[in-house]
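If you're matching positions, the sequence shown starts at 1 in full-length UniProt numbering and goes up one per residue. Inspection log for the structure reproduced underneath, given as C-alpha coordinates.
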Amino acid sequence: MISANTKGRGVSPWFKTTSSEYGALRPTSGSSPCTYHPLSQAFSKDLGQCGMYRDNSFNTSLDRSRVQDCPNLQHTL
1 MISANTKGRG VSPWFKTTSS EYGALRPTSG SSPCTYHPLS QAFSKDLGQC GMYRDNSFNT
61 SLDRSRVQDC PNLQHTL
(Lines of atoms letter the chains of each structure in order from A; the text may use other names.)
(Lines give C-alpha, C1' and ligand atoms only; values in the text may rest on other atoms or scores of the structure.)
Protein backbone atom coordinates (compact mmCIF):
# COMPACT_ATOMS: atom_id res chain seq x y z
CA MET A 1 0.00 0.00 0.00
CA ILE A 2 2.98 2.27 -0.54
CA SER A 3 3.32 4.21 -3.78
CA ALA A 4 6.58 5.53 -5.19
CA ASN A 5 7.24 9.24 -5.58
CA THR A 6 9.74 11.08 -7.80
CA LYS A 7 12.64 10.74 -5.32
CA GLY A 8 12.40 6.97 -5.16
CA ARG A 9 11.16 6.82 -1.57
CA GLY A 10 7.87 5.22 -0.71
CA VAL A 11 4.98 7.48 0.27
CA SER A 12 2.56 6.17 2.83
CA PRO A 13 -1.13 7.02 2.27
CA TRP A 14 -1.64 7.10 6.05
CA PHE A 15 0.77 9.97 6.67
CA LYS A 16 0.10 12.78 4.22
CA THR A 17 2.05 16.01 4.31
CA THR A 18 0.42 19.39 4.57
CA SER A 19 1.67 20.38 1.11
CA SER A 20 0.04 17.33 -0.48
CA GLU A 21 -3.26 18.19 1.21
CA TYR A 22 -2.98 21.79 0.03
CA GLY A 23 -2.07 20.79 -3.52
CA ALA A 24 -4.88 18.25 -3.81
CA LEU A 25 -7.52 21.00 -4.01
CA ARG A 26 -8.10 23.19 -7.04
CA PRO A 27 -7.71 26.93 -6.37
CA THR A 28 -10.93 28.82 -5.82
CA SER A 29 -11.73 32.51 -6.14
CA GLY A 30 -11.60 32.80 -2.34
CA SER A 31 -8.15 31.25 -2.03
CA SER A 32 -6.61 33.21 -4.91
CA PRO A 33 -5.28 36.73 -4.37
CA CYS A 34 -7.26 39.58 -5.93
CA THR A 35 -4.19 41.51 -7.08
CA TYR A 36 -0.62 40.63 -7.95
CA HIS A 37 2.23 42.88 -6.75
CA PRO A 38 5.55 41.66 -8.18
CA LEU A 39 8.80 42.96 -6.71
CA SER A 40 11.39 44.84 -8.70
CA GLN A 41 14.29 42.70 -9.91
CA ALA A 42 16.66 45.67 -10.30
CA PHE A 43 19.03 44.50 -7.55
CA SER A 44 19.32 40.98 -8.99
CA LYS A 45 19.88 42.32 -12.51
CA ASP A 46 22.65 44.65 -11.29
CA LEU A 47 24.26 41.85 -9.27
CA GLY A 48 24.19 39.57 -12.32
CA GLN A 49 25.90 42.18 -14.49
CA CYS A 50 28.53 43.43 -12.04
CA GLY A 51 29.06 40.45 -9.72
CA MET A 52 29.39 40.30 -5.95
CA TYR A 53 31.29 42.97 -4.01
CA ARG A 54 34.89 41.94 -3.38
CA ASP A 55 36.82 43.50 -0.51
CA ASN A 56 40.37 44.19 -1.73
CA SER A 57 41.48 46.16 1.32
CA PHE A 58 44.92 45.72 2.90
CA ASN A 59 44.94 43.02 5.60
CA THR A 60 47.14 43.94 8.59
CA SER A 61 46.12 41.20 11.04
CA LEU A 62 48.44 38.32 11.90
CA ASP A 63 47.58 34.87 10.60
CA ARG A 64 46.70 32.47 13.39
CA SER A 65 47.75 28.85 13.41
CA ARG A 66 44.71 26.66 12.90
CA VAL A 67 46.05 24.04 15.31
CA GLN A 68 47.71 25.92 18.16
CA ASP A 69 45.43 28.96 18.41
CA CYS A 70 42.10 27.16 18.19
CA PRO A 71 39.87 28.53 21.02
CA ASN A 72 38.54 25.04 21.76
CA LEU A 73 42.03 23.68 22.40
CA GLN A 74 43.41 26.49 24.58
CA HIS A 75 44.30 25.63 28.18
CA THR A 76 43.78 21.88 27.69
CA LEU A 77 47.23 20.80 28.93
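Where a beta carbon is used, it is the ideal one built from N, C-alpha and C, also for glycine.
Residue state for Y22 is assigned as helix, using DSSP reduced to three classes. CA-CA distance, G51 to W14, rounds to 48 Å. In the three-state scheme derived from DSSP, where H, G and I count as helix and E and B as strand, L62 is classed as coil. Assigned with DSSP and collapsed to three states, L47 falls in helix.
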